[in-house]
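Residue numbers (the numbering used here), protein chains in the order written: chain A, 1 to 479; chain B, 1 to 479; chain C, 1 to 479; chain D, 1 to 479.
Beta carbons are placed, not taken as given, at the ideal position from N, Cα and C, and that holds for glycine.
Here the structure is laid out as structure tokens; the discussion comes afterwards.
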């Protein structure tokens, strides 16, 4: 396990091909708007080194026999699944960052672990051993991967092979003796600008004609032929009081273009076995929805905390409707958490030995998140009041022209310093209405798959036959 | 452990003072409308004897050293809490009964177990030993108790001692050498007409002036001075196809009047220690809300089962909106279950050794149930169609005058027998719109306490300080 | 206009072929469970004769030149539409009956009025004159019709002509010189057992192969060949305190079988013009959804009234959460009403001169009702408390054995008589959990068409092009 | 009536004391971030001059006898109220601006009109004539006012006179022969930086001890002693494709400090009559909630338009779940509109002759908006997909380095230009997740008063007595 300082050094030594605002970004980690993304990941390197978090955030790897970051450890038990939820919740609630960026790649790795095993069984391939070798390398170097799942997709009503432009889904453009050449693009790839590796899997069900699109692999993020168009969530300007979260911790997303990228066979984990395309998407969804069951409660901790604080600062903390709205926030967050805990507690081992969450609960948790996260803004705005949206800038606060006015007129409850109230309001804003917050909330709708994907997963996993049999017996219907 | 047949015999040997429709019911268990209540409890006697359910529904008692019904075993571990949720879910989904009636008394017992221990520590009393003795007797005889918590209450804005009529809350009317005399009434007491024992605890917070109302005790249900006014949920007439649930399994409720009832000291578990009144109500609420986290998912199993079945019978099972509404039903039920599992998984031991569920999750589960159960009727009605409310009676079906019309015109999908469809619709009705079903759904709103009680419990248990501290640190507010 | 007494006499003179519980009901209006249906309609005869309601409930007919019941007057203006909503709301809130039964036939008549005019224009037929003649006869005799729209339907995934049994949709079995012979069945036909006439229209879209199913007509309810299987909502036994609504006012539903029924040409309003089948269903839906926008607010008036009353009787009327839940009930009801008023205010004239409600608003109102009515039970149960579901029977109240107990222990706030509280609770029950209430609430989900039908109507009527143009202009997209 | 050009000229001639980012803004209308606010108001000057909108947006004033902007015309009829809703909806849907800024001042004026009349009747004052004189001046000059209602408020649990700092509510600091001197601050004052006049009214109920806080008046925005701290919603940098709304139309908010501002008696409309303080707040709330019933539907038009468009561009427009979510958006918006139309249609005349909306419906509309607006982001994000939050910047699009990648990989449905899709996504973002959009959505929660204020208004206006009487009659309870 390495420190965030070592990680920083490693990132600086890489030469990824990242563009932002139409310009090449030479050293992404030193770009002020991307640096915040690094800071978010830094937390995933440094907290596990704190003895207080050792049990929660690290584990002795059965692969290397050494202590590794829990993010880099495919789940081997229900306890592993449970700790993942709590680890994510803790990191989110400590940083306020909507995403600490390390779970996507981790979830893609677990997906490859399970599938490579199953493909080997079905087709006599040897992907699983490649996976184990790669995992060992990954753990030993304490790597961070971005998971690349969602293709460009073009016309969503057409399958990959039906698209006029074959590159709208990532595919094998050429098979060579020593590896494959891939082409296409993945979109909405969180943290691609700040990672060691890209772990790529198919994002949807495939037919035989889509066989070229059945490809999973890993590559260093600065491999030749990869181009990224990155977009940052951090504010473009420096600030001292505003954006208390986003000025420190944020995430970025990239469109990652594979412009004929060579991947050696030892890092290819699926190549042509189209029967497993949909399954990988579903598995990844299951893992990543569990991860979301940790991050929304972490965000909830802060939403409740800051709202309770502002209510105090406003002198209305004990009003009945304030209490009721705080309880609404709590139950919104804790319901998602309860689904995560249950998904983990009822998770099941796969033939590979890797544990997967119980589908009904990981998906129910994520579906509640999908359909409810933007609504959580309402009670915060309600209790903070209009000032949440209309507070003058920090420059007004720091200017001798205007500071006295702000101190006098933004004062709240008798014993509360106006500055504290202003700071709390800026935090509430950075959890609800700043670009970082608003994009973060909207991203919860689609992150880990759309609400419709969750509905399909629940419908397909649920044992209707069992429930229909219960009903038939009670209704006295012969089967 | 005894069989339901032995339980039936025992009930027949008792002489409780039960009135229904203004008349004395000599042998309640033989009254056709109350018999269904017995049948619901019978399930709690017979299923545990089935080896298939032994692990789930029984346990070796640390008190008696013998195998006992899990209902009669105060939780000693998280596993006990978890199994309770699954046991209840299983029984509800097998019978369709909104309540199998045995958990209330059991939850009241656990409440007494914890509190008696704490009171002894605080005041040097010896209630806990009395509790253990009673528990041993209870387990050895495989008894069923009704839990009596909710007082008559009169004017809800007044405390017990402020009521013009002192009897509106159960209280100690007289203390004797050998025991106490209690007076008052408890309302909404499920299963009182069909139980061995009544276990009585205070239902609300008390002040010093309410000390006489701080009383907990147990008495046989046919103790002198106890009068019950019972109300049944079963249909008053016999039926063969209609009310497939309620004609077999139902629950009853009683107003239980204590008209100067003597209780010997060995069955008195609280007497005057008003400081513990509110705590007992809260503890009972916590236990009983966990129980609800099992029963709504059981009801959900049947709602989903029958709705999926009718959708097939109607030929629309695969329509997008049908799938979406089934998923709504599933997530409504499974969210409550997830809260229950999480409450159990995170339950904590009390000084008495008895485990209590994690308050946030038992209450969130129950709150979701409270606020959502009647809404679950909507997708069922939607998918079944108007015929759910307009289907002719079973007498029409069995009459030669009309049967052919019903067979011809209530036919659904091509390969489905009209009779099966009719039966399924009657089941759907008995889960939604019969008196049994409608009262059952409405009862979920208030059972185990009102939504407001759950909100207060969540608000009081939640660690706001911790979340405010997280917010302050991020907002850079000095504490 | 006639009195309800005259209507009673007319019903007694008819010989409809009605079965209930498998037996022929010789004089339906004298059957105790159907009599309540008559009483609901009686209100529609008697209130309009009260000068206080003359303006709201009657109008000078442009057809007869005489004052007629507003129910029998196809809308000629927005004011007519507006008054219909208020008329229905008033009648529902005065009686508590979920349905006063006269609007369905009225809505079917308006549908025929518009369509017959359009069909004549398209095909040179003369249906419209037949309609006018029939309307005149209808108004002059102050008739009541049941509207028969929903067919038996068999497999819902098949069109009428695809069903193995051709009779699962009502169709023309034979065309004669003097009329047609129809066969099939309509289900869920409210008030068929208590009406003068049956007005029959197609219930769904049709293709050319379904031409025989494109048939609209009117017949006296006791025409030869018509058989009804009726189901009543009233309680089967007499009561004095319980079922305060359903023991006086209720509605019934019938399956109406047309077993080769002859209809003379002058009462045939569509015969083979399959192109208009779907349009009639949509028009009827539009009219009848407007009617629903009146009845839910009427039910809301009573739900709010009784809940506010019980809250007072319980001594908690001014608690914050009680106020909030009352406001929830109010806004649930008034939102539907607002949609109705807007649908009426923005209604538009059709070529026939008959006004139709604005589709977006009638459907939005009904959709809110569909998706929200069962949820309205929750705040009522919450505020009334568990006693709503557990109150002993009225027989207990009237028995000398038990009355004193009920008077003593069901007393609420200090100055409230226990009997008043008991009566109020029985009313609340008869608006939520009695069979009448529960079936009434569930019926709102599907009455006037399923939620999905409303969604389709909204989607098809909404001007997306206009909104997309607004978006394109702002986004600077060339069209 | 003047043009926006003339208005621009007038604004340039004023010298308001506006600060932003801690610096004095010499000519606010020329500040790039405030200029967008002017552009929003400009629409209210120019559209009414278009003959197409003359009837909707202008009227012959009964005060001046000349045609005036409808914004400056206190409602004299239900038709006036109805047209206001449609006027606002039209302007919002044309510009996409969350607020076109002219209604607040207008609503404050109507409030003064009604109250001044009533105060004169009660106390023999002559405020109403002052109001008429001011109104005439206002109309003749086609002025724009900001309405200043919400005080700084300090500790929300204390009344104005109880605050340690008396200036936390605006109050009369001195009464002179020729006028009054006022001190204090109003917060969240939309459009204060871009208006001719400030119209100030009390924002809450007052007691006798708060008499100094009972003050209503109007002053030119650049009156000596007024200081504003403004905050803009427009992006700080120029853009060509991003922020398609906010780069053109936006609103600003100010804290407006009255640092001993002199107001001549002829512009004082309340001074010490504390009994009318709460009433003015309630009246303003009623008017302004009606205004909101126009603006949410206007926003809804664009949300539906852009979402439908992106769904087409993605090739999924006809999927069942997309249709269903579009209908959710439509009904969310149209329900608010229906409440507005009903509030207007049922509005009632006051003694002053000014019409006020029906309180139940204006408040229900606003309450639905308050509790639902942030939730409307979810279906938009769902249908647009993750790219809504992760689309690269416009600079990437315009750069030769990266444009080809964006054109290739952000292509959607076959016949759709990638650039159009990118533009549509930027519009969707500017309606949901840009700072302008997110603050706009959150502002809907509190604009025109908090949800709790709406609940109180509904509860206090609703005729419970009438509904309780209906319930009592049906329950057979003697009154």
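In chain D, which residues lie with their C-beta within 8 Å of the C-beta of residue i?
i, result
"residue 273 of chain A", "Those within 8 Å of residue 273 of chain A in chain D number zero; the least Cβ separation is about 26 Å."
"residue 130 of chain A", "The premise fails here: residue 130 of chain A is roughly 29 Å from chain D at the closest Cβ pair, so nothing lies under 8 Å."
Counting along the chain, where does the beta strand (DSSP E) carrying residue i start and finish?
i, result
"residue 254 of chain D", "252-264"
"residue 69 of chain D", "67-69"
Let's see if you can read the secondary structure: which residues bound the alpha helix (DSSP H) around residue i?
i, result
"residue 121 of chain B", "103-123"
"residue 287 of chain C", "277-314"
"residue 239 of chain D", "Neither: residue 239 of chain D is in no alpha helix (DSSP H) and is coded neither H nor E."
"residue 435 of chain A", "435-446"
"residue 43 of chain A", "32-46"
"residue 147 of chain A", "Here residue 147 of chain A belongs to no alpha helix (DSSP H); instead the beta strand (DSSP E) covers 145-148."
"residue 423 of chain C", "418-430"
Write down the C-beta distance between residue i and residue j rounded to the nearest angstrom, noting that I regard them as a contact closer than 8 Å.
i, j, result
"residue 253 of chain B", "residue 150 of chain B", "That pair is no contact at about 10 Å."
"residue 60 of chain B", "residue 101 of chain B", "Residue 60 of chain B to residue 101 of chain B, Cβ: 24 Å. No contact."
"residue 197 of chain A", "residue 221 of chain A", "6 Å"
"residue 292 of chain D", "residue 369 of chain D", "6 Å"
In chain D, which residues lie with their C-beta within 7 Å of the C-beta of residue i?
i, result
"residue 321 of chain A", "452"
Figure out for me which residue from the options has the closest Cα to the Cα of residue i.
i, options, result
"residue 371 of chain D", "D:386, D:296, D:9", "D:296"
"residue 470 of chain A", "B:435, B:365, B:337, B:309", "B:309"
"residue 255 of chain D", "D:139, D:312, D:226, D:236", "D:226"
"residue 111 of chain C", "C:269, C:47, C:186, C:420", "C:269"
Residues of chain C with a CB under 7 Å from the CB of residue i: which are they?
i, result
"residue 392 of chain B", "229, 231, 255"
"residue 93 of chain D", "470"
Which chain B residues sit within Cβ distance under 8 Å of residue i?
i, result
"residue 331 of chain A", "364, 367, 368, 458"
For a contact defined as C-beta to C-beta under 7 Å, what are the partners of residue i on chain B?
i, result
"residue 327 of chain A", "455, 458, 459"
Quick one: list the residues of chain G neighbouring residue i, beta-carbon separation under 7 Å, in chain order.
i, result
"residue 194 of chain A", "Looking at the structure shown, chain G is missing, and the protein chains on hand are A, B, C and D."
Give me the chain C residues within the contact set of residue i, using Cβ-Cβ distance strictly less than 8 Å, ordered along the chain.
i, result
"residue 399 of chain B", "19, 21, 22, 23"
"residue 434 of chain B", "435, 438"
Quick one: which chain D residues come within Cβ less than 9 Å of residue i?
i, result
"residue 513 of chain B", "For residue 513 of chain B there is no data in the structure shown, the boundaries of chain B being 1 and 479."
Mind listing the chain A neighbours of residue i? Cutoff is C-beta to C-beta under 8 Å, in chain order.
i, result
"residue 387 of chain D", "187, 188"
Identify every run of the alpha helix (DSSP H) within the region 319-365 of chain A, keeping only runs that are complete inside it and at least 4 residues long; order them along the chain. If we require 4 residues or more, the alpha helix (DSSP H) runs fully inside the region 319-365 of chain A come out as 320-345.
Curious, which full-length beta strand (DSSP E) runs of at least 3 residues does the region 152-180 of chain C contain? 171-175
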